[in-house]
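Below is one structure; the comments refer to it alone.
Number of protein chains: 2
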Amino acid sequence: MPTLVARAREGDARSVARLISLVENGDPRLPEVAAALAPYAGRAQVVGLTGSPGVGKSTTTNELVRALRAAGHRVGVLAVDPSSPFTGGAILGDRIRMQDHTTDPGVYIRSMSSRGQLGGLAAATPQAVRVLEGAGCDVVLVETVGVGQAEVEIASLADTTLVLLAPGMGDAIQAVKAGILEIADVFVVNKADRPGADATYRDIQGMLSLGERGPGEWRPQVVRAVAVRGEGLDEVVAAIEKHRAWLESDGRLQARREARAAAEVEAIALGTLRARLGSLRDGTALSDLAARVAAGGLDPYAAADELIKGL
Amino acid sequence: MPTLVARAREGDARSVARLISLVENGDPRLPEVAAALAPYAGRAQVVGLTGSPGVGKSTTTNELVRALRAAGHRVGVLAVDPSSPFTGGAILGDRIRMQDHTTDPGVYIRSMSSRGQLGGLAAATPQAVRVLEGAGCDVVLVETVGVGQAEVEIASLADTTLVLLAPGMGDAIQAVKAGILEIADVFVVNKADRPGADATYRDIQGMLSLGERGPGEWRPQVVRAVAVRGEGLDEVVAAIEKHRAWLESDGRLQARREARAAAEVEAIALGTLRARLGSLRDGTALSDLAARVAAGGLDPYAAADELIKGL
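If you read the sequences in order, they're chains V and E. If you count by full-length UniProt numbering, then the first sequence holds residues 1 to 311, one letter each, in order. If you count by full-length UniProt numbering, then the second sequence holds residues 1 to 311, one letter each, in order.
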């Protein structure tokens with residue numbers, strides 16, 4: 001493992017890919033990988049990127065990578081698909097555009113699912129970020145599909161969260177519904193050349209002006225873009241860098257990362273405990289208790305207490 | 001608590017509401033409530049209802065409640081909003097229609113969020129279902145907003161899962177992306193009077209015909225509806241009842257409920273363990289370890305091991 005990590009550090013793409021596979025599959029050697037990567041923690045700005053299907057996430061990610069590269073960044077991309085526990089990954093078409101960057105040694109792109117990892121993507125994603133940090137990426141984009149609790153969780157792993165919107169999708173309202181108004185550091189109104197883009201832009205600005213903000217608090221930026229023509233991405237990069245500068249003032253980045261590390265450690269610990277609970281008495285402890293609960297002879301809290309006693 | 005449960009059993013709506021509030025807020029008396037409710041476990045058919053925003057979920061739920069009442073069922077509705085950890089609830093407008101049923105003593109309707117409950121909605125929802133079962137509901141509809149991993153988890157708590165689609169939203173494809181094709185027992189193509197409804201119907205039937213199905217396996221039903229005019233809901237009820245009959249054959253319902261109880265017990269146990277981890281050394285154990293991880297001096301797996309040792 002230390003050799004593999006050393007090779008990844010030198011920029012060997014295959015080693016990076018192997019390490020992320022280990023993470024994704026919940027390989028038993030993960031703790032060893034994590035130990036070898038620990039010293040490089042916190043070197044990258046982790047940028048979450050989310051939005052409903054159809055807002056142009058893949059195109060925007062693609063063009064954002066281009067703009068970040070032009071600004072001199074080494075970039076890692078994790079395309080995470082938490083909404084698909086079954087198919088376990090993204091649909092092919094979405095990823096094709098990303099091939100634009102396959103020959104650029106300063107870009108690592110990877111689709112991820114949470115198949116093997118206990119604790120799901122909440123546990124796997126930060127480990128994959130660590131791999132990309134170790135490989136020298138100073139910006140790691142974490143792209144999530146759809147909008148839901150899993151996205152919010154993953155956004156909480158990011159230093160900076162971009163929320164993509166597009167005109168005419170009722171997205172401003174959906175953003176409120178899904179609670180993403182609270183998680184967005186930067187809004188990108190994509191497809192800004194289409195009818196309704198100004199209304200979407202105004203809706204978001206209007207909603208932001210309603211929120212109370214203390215002095216020194218971040219006011220989410222709203223940027224217009226036409227990703228398919230590569231327009232507006234430099235402004236997105238500028239907003240990301242501005243947010244980074246804000247984070248670095250007053251120890252905010254430090255505090256955010258400690259909170260992130262706490263969530264990460266907790267997720268790993270719960271994953272381990274879950275595995276232990278599941279394997280008590282060769283896995284029969286839980287199923288026996290469950291049978292009694294289903295039959296009405298035991299309540300689930302009493303059953304949970306009994307299960308924990310077995311630890 | 002036993003008195004409150006006894007009153008809820010007699011159909012007292014305020015007692016039902018109070019019990020669900022206890023569940024929602026993660027009240028410390030929950031184990032006592034659960035113990036009092038245990039004997040009534042498994043009396044209701046739990047029907048999950050999900051779909052993207054805009055497919056007409058609220059209207060469909062409203063009309064489905066009407067159709068279920070007409071078929072002689074006592075109905076509970078839990079409107080669950082897992083996508084909003086922040087706002088902690090559904091947007092008002094969505095719920096207004098539900099007031100159609102507020103004067104019907106055979107219907108309990110409740111919006112839920114997961115604010116107080118450790119383990120989130122995965123832990124809270126089954127407890128709320130138990131309350132409604134205890135109150136004599138023989139069908140409990142669990143309506144979730146949006147499509148994501150949380151929805152899939154909640155669908156796994158249901159005996160029967162309805163997935164709502166509407167024409168012209170690219171929903172058939174989104175269904176595949178989100179993995180909901182695998183969880184649906186009944187598809188409802190709502191707004192079936194609109195252009196594109198036949199195409200959506202055919203898409204779904206086409207995708208279903210691609211799936212391999214062993215003998216005796218359930219083939220998801222596809223039903224057309226125009227919920228806003230109350231059309232097609234009797235067919236939805238028939239599909240739900242057909243699925244119930246299928247579940248009851250060959251011990252499937254029993255197996256599904258034991259699996260559900262196992263997930264429930266596990267979620268409660270993990271919630272308890274999470275609380276214990278968080279309170280180790282007055283809550284400083286986790287934050288101290290997290291600070292070391294963020295600083296690069298410790299890897300998160302080693303930190304998780306150390307945390308668990310403190311239990």
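C-beta atoms are modelled at their ideal positions from N, C-alpha and C, and glycine is treated no differently.
Checklist entry - How is G72(E) classed by DSSP in three states: helix, strand or coil? => result coil
Checklist entry - Are at least three pairs of beta-carbons, each pair with one atom in the segment 180–199 of chain V and one in the segment 210–230 of chain V, less than 8 Å apart? => result yes
Next on the checklist: I need the boundaries of the alpha helix (DSSP H) containing E235(V), first residue and last residue.
Outcome noted: L233 to E248
Item to check | Which residues DSSP lists as bridging V186(V), in chain order | outcome: L162(V) and Q221(V)
Next on the checklist: Taking only three categories from DSSP, how would you classify T144(E)?
Outcome noted: strand
Next on the checklist: Looking only at its chain, what residues have a beta carbon closer than 6 Å to the beta carbon of V129(V), apart from the 5 residues adjacent to it on each side?
Outcome noted: V46 and V140
Checklist entry - If D138(V) and A44(V) are in contact, beta carbons under 8 Å, what's the gap, nearest whole angstrom? => result 5 Å
Item to check | Cutoff 9 Å: A304(V) Cβ touching any chain E Cβ | outcome: yes
Item to check | Cα-Cα separation between R219(E) and S249(E), rounded to whole angstroms | outcome: 15 Å
Checklist entry - For the alpha helix (DSSP H) that S209(V) lies in, which residues bound it at each end? => result A197 to L210
Next on the checklist: Distance cutoff 9 Å, beta carbons only. Does T161(E) sit that close to anything in chain V?
Outcome noted: no
Checklist entry - F86(V) to A184(E), Cα distance in whole Å? => result Bear in mind that a pLDDT of 36 at F86(V), under 50, signals an unreliable position, so the number given afterwards is only what the model happens to contain. For F86(V) and A184(E), the distance between alpha carbons rounds to 13 Å.
Checklist entry - Which stretch, first to last residue, makes up the alpha helix (DSSP H) that contains T3(V)? => result P2 to R9
Item to check | Min CB distance E258(V) to chain E below 9 Å | outcome: yes
Checklist entry - What is the rounded straight-line gap between the Cα of R281(V) and the Cα of D305(V)? => result 16 Å
Next on the checklist: Bridge partners for Y108(E) per DSSP, in chain order?
Outcome noted: G76(E)
Checklist entry - Between residue 322(E) and L164(E), what straight-line distance do the alpha-carbon atoms span, to the nearest angstrom? => result This structure cannot speak to residue 322(E), because chain E is shown only from 1 to 311.
Item to check | Alpha-carbon spacing of R229(E) relative to G106(V), whole angstroms | outcome: 57 Å
Checklist entry - At least one CB of chain V closer than 9 Å to the CB of A13(E): is that the case? => result no
Item to check | Continuous beta strand (DSSP E) stretch holding L311(V): start and end | outcome: L311(V) -> no beta strand (DSSP E), and no H or E assigned at all.
Checklist entry - DSSP on R97(E), reduced to helix/strand/coil? => result Its pLDDT being 47, under 50, R97(E) is placed unreliably by the model, and the measurement read from it follows with that caveat. Helix at R97(E).
Checklist entry - When you compare only the Cα positions, how much space is there between L37(E) and A245(E)? => result 25 Å
Next on the checklist: When you compare the CB of Y201(V) with every CB in chain E, is at least one pair closer than 9 Å?
Outcome noted: no
Next on the checklist: Counting only Cβ pairs nearer than 9 Å, list the residues of chain E close to K284(V).
Outcome noted: Position check: residue 284(V) holds Thr in this sequence, whereas Lys was assumed. Ordered by position in chain E, no residue passes the 9 Å Cβ test against T284(V), which lies about 11 Å from the chain.
Checklist entry - What separation, rounded to the nearest whole angstrom, lies between the Cα atoms of H73(V) and L64(V)? => result 11 Å
Item to check | Inter-residue CB distance, V8(E) and A135(E) (contact presumed, cutoff 8 Å) | outcome: It is Ala, not Val, that sits at residue 8(E) in the sequence shown. That pair is a contact at about 5 Å.
Next on the checklist: For L277(V) and R252(V), I'd like the C-alpha separation in whole angstroms.
Outcome noted: 37 Å
Next on the checklist: Can you check whether the C-beta of E266(V) is within less than 9 Å of a C-beta belonging to chain E?
Outcome noted: yes
Next on the checklist: For a test of the three-state rule: what should DSSP assign to G230(E), helix, strand or coil?
Outcome noted: coil
Next on the checklist: Using a Cβ-Cβ distance cut-off of 9 Å, determine whether T3(E) contacts chain V.
Outcome noted: no
Checklist entry - Counting pairs of beta carbons, one from the segment 258–270 of chain E and one from the segment 290–301 of chain V, are three or more of them closer than 8 Å? => result yes
Checklist entry - Per DSSP, what kind of secondary structure is T272(E) in: helix, strand or coil? => result helix
Checklist entry - How long is the line joining the alpha carbons of A166(V) and L78(E), rounded to whole angstroms? => result 31 Å
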